[in-house]
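Undergrad: Same order as they appear, the protein sequences are chains A and B.
For the first sequence, this note's numbering begins at 13 and goes up steadily by one.
For the second sequence, this note's numbering begins at 13 and goes up steadily by one.
One structure is given below, represented as structure tokens, and several questions about it will come after.
Number of protein chains: 2
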Amino acid sequence: MGRWEPGGSSRLREAALELFLEQGFDETTAGEIAQRVGLSERTFFRHFGDKKEVLFGGSEEFQREMIAAVADAPVGPSPLGVVASGLAKAARFFPDEARDYSRKRWRILGENPALQERELLKMAAIASGIGAVLRDRGVPEPAATLAAESGITVFRLAFERWLAPDEHRPLAEIERAMFVELGAVVAGS
Amino acid sequence: MGRWEPGGSSRLREAALELFLEQGFDETTAGEIAQRVGLSERTFFRHFGDKKEVLFGGSEEFQREMIAAVADAPVGPSPLGVVASGLAKAARFFPDEARDYSRKRWRILGENPALQERELLKMAAIASGIGAVLRDRGVPEPAATLAAESGITVFRLAFERWLAPDEHRPLAEIERAMFVELGAVVAGS
DNA sequence: GTCTATAGTGCGATAGAC
DNA sequence: GTCTATCGCACTATAGAC
């Protein structure tokens with residue numbers, strides 16, 4: 013038992029989500045979030061490099077997981093197949109229980125271009141990491157980067173679909189369907 | 013002859029590029045850029061919504077052009093083919109003479125994640141616009157979005173390749189090769 | 001934890017162009 | 001008279017330096 017309540021980061025993240033939903037991202041100051049959990053603004057910025065980052069907690073872990081899943085995927089004939097099997101494994105990061113939280117977060121992101129920018133950068137970083145893994149596995153360029161980027165595109169669209177109000181299938185299943193669709197779209201040209 | 017030199021925006025853009033190359037993006041203040049062309053900091057922010065935006069001049073026009081090129085593409089059997097022919101047309105925005113400027117700009121972007129975020133958002137906006145155009149042309153979902161996103165991925169990778177020091181082919185030619193590679197990567201799965 | 005520079009906004013005033 | 005570009009000032013929040 014220390015001098016502070018434990019879990020400063022996660023308490024800040026929760027408070028931030030609430031406040032952003034209530035009053036909007038721009039209308040909420042970092043100091044306000046910190047105050048709500050009894051911390052100082054200075055402490056907020058020690059936990060998060062900038063205000064946006066409070067909405068991206070756990071994203072480094074997800075990123076590592078996603079890249080590791082591709083690295084550990086069984087040897088396959090096609091690089092995109094390798095990416096697909098990695099993505100399927102990483103889908104466990106988003107079980108049904110996470111849908112509600114993800115939808116709230118998505119609503120906030122949808123209203124703020126600066127947050128969308130950050131989300132895109134995170135995705136781009138994952139794509140870049142997957143590309144590197146594929147090259148390590150002997151896939152030449154530009155196939156490695158194309159497979160990585162296409163895989164992330166499939167993931168993004170599947171994820172958005174997963175969040176839709178009328179959607180109930182698990183993420184991995186939507187991913188599979190989306191990969192099939194990609195095959196059809198590209199084959200048709 | 014007015015009270016002011018004409019072309020405030022473009023003079024600010026040029027000065028910004030110089031200063032960013034000399035001292036870096038973070039080390040250059042908006043006031044400094046404005047001062048160099050005889051304007052005030054306040055005026056800088058009336059031309060550009062934020063500091064990053066000074067590096068994205070003409071991007072709205074490029075965006076419109078890209079989307080219009082897809083909208084005006086001849087009727088084709090496949091949505092990705094339509095996107096490809098649109099992209100080929102829009103490649104004229106980047107003639108050989110623009111390579112030098114583009115490389116300078118790319119070097120600045122490469123050193124700053126915040127600028128990469130903005131670049132990704134601009135690309136995402138174009139993809140979204142192309143997706144809408146495809147839906148207007150009768151392409152169902154998720155094929156429309158997949159074709160749009162895949163097309164933008166091809167454009168991005170082709171553009172990066174176009175900027176490589178050892179690369180001399182025109183952008184349109186690299187795009188074509190990249191579309192072929194995408195076909196191979198996806199077909200192989 | 002305090003102190004400070006920079007980013008970015010709001011508003012009023014001014015100077016020309018049409 | 002109206003429209004547009006500019007300046008100047010006051011102000012807040014972010015973010016980094018000390």
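Beta carbons: idealized from backbone N, C-alpha and C, even for Gly.
Bear in mind that the values here come from a model prediction, so they are computed numbers and not experimental data.
Comparing the C-beta of residue 168 (chain B) with each C-beta of chain A, is any distance below 9 angstroms?
TA: Yes, contact with chain A.
Undergrad: Using a C-beta to C-beta distance shorter than 8 angstroms, which residues of chain A count as neighbours of residue 128 (chain B)?
TA: Those within 8 angstroms of residue 128 (chain B) in chain A are 133, 136.
Undergrad: Compare the C-beta of residue 187 (chain B) with all C-beta atoms of chain A and state if any pair is closer than 9 angstroms.
TA: It does not; no Cβ of chain A falls within 9 angstroms.
Undergrad: Let me know if residue 136 (chain A) comes out buried or exposed under the rule of 16 or more other beta-carbons within 10 Å of its beta-carbon.
TA: By the neighbour-count rule (16 or more Cβ atoms within 10 Å), residue 136 (chain A) is buried.
Undergrad: Nearest-angstrom Cα distance between residue 154 (chain B) and residue 193 (chain A)?
TA: Computed Cα separation, rounded: 7 angstroms.
Undergrad: Residue 89 (chain B) versus chain A: which residues are under 9 angstroms apart at the beta carbon?
TA: Within chain A, the residues near residue 89 (chain B) are 200, 201.
Undergrad: If I'm right that residue 160 (chain A) touches residue 139 (chain A) with Cβ under 8 angstroms, what's the distance once you round it to whole angstroms?
TA: The pair is a contact, with the Cβ atoms about 5 angstroms apart (cut-off 8 angstroms).
Undergrad: Is it buried or exposed for residue 91 (chain A), if we count other Cβ within 10 angstroms and need 16 for buried?
TA: Per the 10 Å Cβ criterion, buried.
Undergrad: Give the DSSP-derived three-state secondary structure of residue 162 (chain B) in the structure shown.
TA: Helix at residue 162 (chain B).
Undergrad: Out of B:31, B:29, B:168, state which residue places its alpha-carbon closest to the alpha-carbon of residue 106 (chain B).
TA: Considering only alpha carbons, the answer is B:168.
Undergrad: Between residue 190 (chain A) and chain B, is any beta-carbon pair separated by less than 9 angstroms?
TA: Answer yes: the Cβ-Cβ gap between residue 190 (chain A) and chain B drops below 9 angstroms somewhere.
Undergrad: Suppose contacts are defined by Cβ-Cβ distances below 9 angstroms. Is residue 145 (chain B) in contact with residue 82 (chain B) by that definition?
TA: The answer is yes: Cβ separation under 9 angstroms.
Undergrad: Considering only the alpha carbon of each residue, which of A:20, A:128, A:103, A:127 lies closest to residue 80 (chain A)?
TA: Ranking the options by Cα distance to residue 80 (chain A), first place goes to A:103.
Undergrad: Among A:131, A:171, A:200, A:45, whose alpha-carbon lies nearest the alpha-carbon of residue 21 (chain A)?
TA: Looking at the Cα atoms, A:45 is the closest of the given residues.
Undergrad: Report yes or no: is there a C-beta of chain B within less than 9 angstroms of the C-beta of residue 20 (chain A)?
TA: False, the Cβ-Cβ gap to chain B never drops below 9 angstroms.
Undergrad: When the Cα of residue 100 (chain B) is compared with those of B:179, B:122, B:197, B:190, which residue comes out closest?
TA: Out of B:179, B:122, B:197, B:190, B:190 has the C-alpha closest to the C-alpha of residue 100 (chain B).
Undergrad: How far does the alpha helix (DSSP H) with residue 131 (chain B) in it reach, from first residue to last?
TA: 125–148 is the span of the alpha helix (DSSP H), which, as asked, contains residue 131 (chain B).
Undergrad: Taking buried to mean at least 16 other C-beta atoms within 10 Å of its own C-beta, is residue 131 (chain A) buried or exposed?
TA: Label assigned to residue 131 (chain A): buried.
Undergrad: Of all Cβ atoms in chain B, is any one closer than 9 angstroms to the Cβ of residue 193 (chain A)?
TA: Answer yes: the Cβ-Cβ gap between residue 193 (chain A) and chain B drops below 9 angstroms somewhere.
Undergrad: Out of A:175, A:68, A:143, state which residue places its alpha-carbon closest to the alpha-carbon of residue 112 (chain A).
TA: Of A:175, A:68, A:143, the residue nearest in Cα terms is A:175.
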